[in-house]
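Written out below as structure tokens is the structure these notes cover.
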Amino acid sequence: EAGVTQFPSHSVIEKGQTVTLRCDPISGHDNLYWYRRVMGKEIKFLLHFVKESKQDESGMPNNRFLAERTGGTYSTLKVQPAELEDSGVYFCASSQGSRGTTDTQYFGPGTRLTVL
Amino acid sequence: DQQVKQNSPSLSVQEGRISILNCDYTNSMFDYFLWYKKYPAEGPTFLISISSIKDKNEDGRFTVFLNKSAKHLSLHIVPSQPGDSAVYFCAATRWRGGKLIFGQGTELSVKP
Numbered sequence: 296e297a298g299v300t301q302f303p304s305h306s307v308i309e310k311g312q313t314v315t316l317r318c319d320p321i322s323g324h325d326n327l328y329w330y331r332r333v334m335g336k337e338i339k340f341l342l343h344f345v346k347e348s349k350q351d352e353s354g355m356p357n358n359r360f361l362a363e364r365t366g367g368t369y370s371t372l373k374v375q376p377a378e379l380e381d382s383g384v385y386f387c388a389s390s391q392g393s394r395g396t397t398d399t400q401y402f403g404p405g406t407r408l409t410v411l
Numbered sequence: 009d010q011q012v013k014q015n016s017p018s019l020s021v022q023e024g025r026i027s028i029l030n031c032d033y034t035n036s037m038f039d040y041f042l043w044y045k046k047y048p049a050e051g052p053t054f055l056i057s058i059s060s061i062k063d064k065n066e067d068g069r070f071t072v073f074l075n076k077s078a079k080h081l082s083l084h085i086v087p088s089q090p091g092d093s094a095v096y097f098c099a100a101t102r103w104r105g106g107k108l109i110f111g112q113g114t115e116l117s118v119k120p
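Given below as structure tokens:
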């Protein structure tokens, strides 16, 4: 079974530009989460989808961040316009949801975003 | 406000010995606790978890202990192996399936 995949693995952009990160969860997982780790600090929650609906977006830092999960499959996280403080590693995780026997969150490898 | 804290940024142990990683939390509403292990350039990998109704959970070489009154949990690795060298994150959640609140991580180095 394929794990959580993320694209791209690295992205280097200039301040003011737009970047879109993509996450493909484990097939059949209803829950999808975005997290971010900045400057080697703790991993911080951004938001949580249940299927295509936003369950919790309390961690989104500001309106420059837009997350979507059309059709309840893959998700995108767009940063527009990017600022220097957005640099970090963005992780996506998925879990099976209510139908499953476990709610363990499985993480992807992350996208390292560098804003210059 | 750091609700989950790992006060030791690093830990070094000898192969074959016990590794003890500690984690403290402040929110009494947390109901479920997890440990993740992370290698460089990879995402966190789930290791072991414990519900707030238990005080111990064991899986092979890994045991997690929970002391609710002290709001403290620990991960014991016995015996430690060089392949265990990684960053270990403690995480907590108010409900299974909810957002995870992570500590800052502890970098474990197991020396042969």
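The listed protein sequences correspond, in order, to chains A and B. When the first sequence is numbered by my numbering, its final residue is 411 and no position is left out of the sequence of numbers. When the second sequence is numbered by my numbering, its final residue is 120 and no position is left out of the sequence of numbers. Backbone N, C-alpha and C fix where the C-beta goes; we use that ideal spot for every residue, glycine too.
For the region 319-337 of chain A, the residues whose beta carbon sits under 9 Å from a beta carbon of chain B are, in order, Asn326, Tyr328, Tyr330, Arg332, Gly335, Lys336, Glu337. In its chain, beyond the 5 residues on either side, Tyr40, Leu108 have a beta carbon closer than 6 Å to the beta carbon of threonine 101/B.
The DSSP-derived three-state label of glycine 383/A is strand. Contact check for serine 82/B and leucine 116/B: beta-carbon distance about 13 Å, past the 8 Å limit, so the pair fails to qualify. Using a CB distance cut-off of 8 Å, arginine 102/B does not count as an interface residue toward chain A. Across the structure, glutamate 337/A and glycine 113/B are spaced so that their CA atoms are roughly 7 Å apart. Taken in chain order, the complete beta strand (DSSP E) segments of 3 or more residues contained in the region 310-344 of chain A are 314-319, 326-332. The beta carbons of cysteine 318/A and glycine 403/A sit closer together than 8 Å. For serine 57/B, the pairing in a beta bridge is given by DSSP as Leu42/B. When 9 Å is used as the limit between beta carbons, glutamate 50/B is near these residues of chain A: Phe402, Pro404, Gly405, in chain order. Of Leu379/A, Val345/A, Thr409/A, the smallest CA-CA separation from aspartate 398/A is found for Val345/A.
For the pair of segments examined, the region 326-340 of chain A was found to touch the region 375-392 of chain A: the number of CB pairs separated by less than 8 Å reaches three. Around the CB of tyrosine 47/B, fewer than 16 other CB atoms lie within 10 Å, so the residue is classed as exposed. In the DSSP annotation of this structure, aspartate 9/B is not part of any beta strand (DSSP E), being labelled neither H nor E. In the structure shown, aspartate 92/B falls within a helical segment according to DSSP collapsed to helix, strand and coil.
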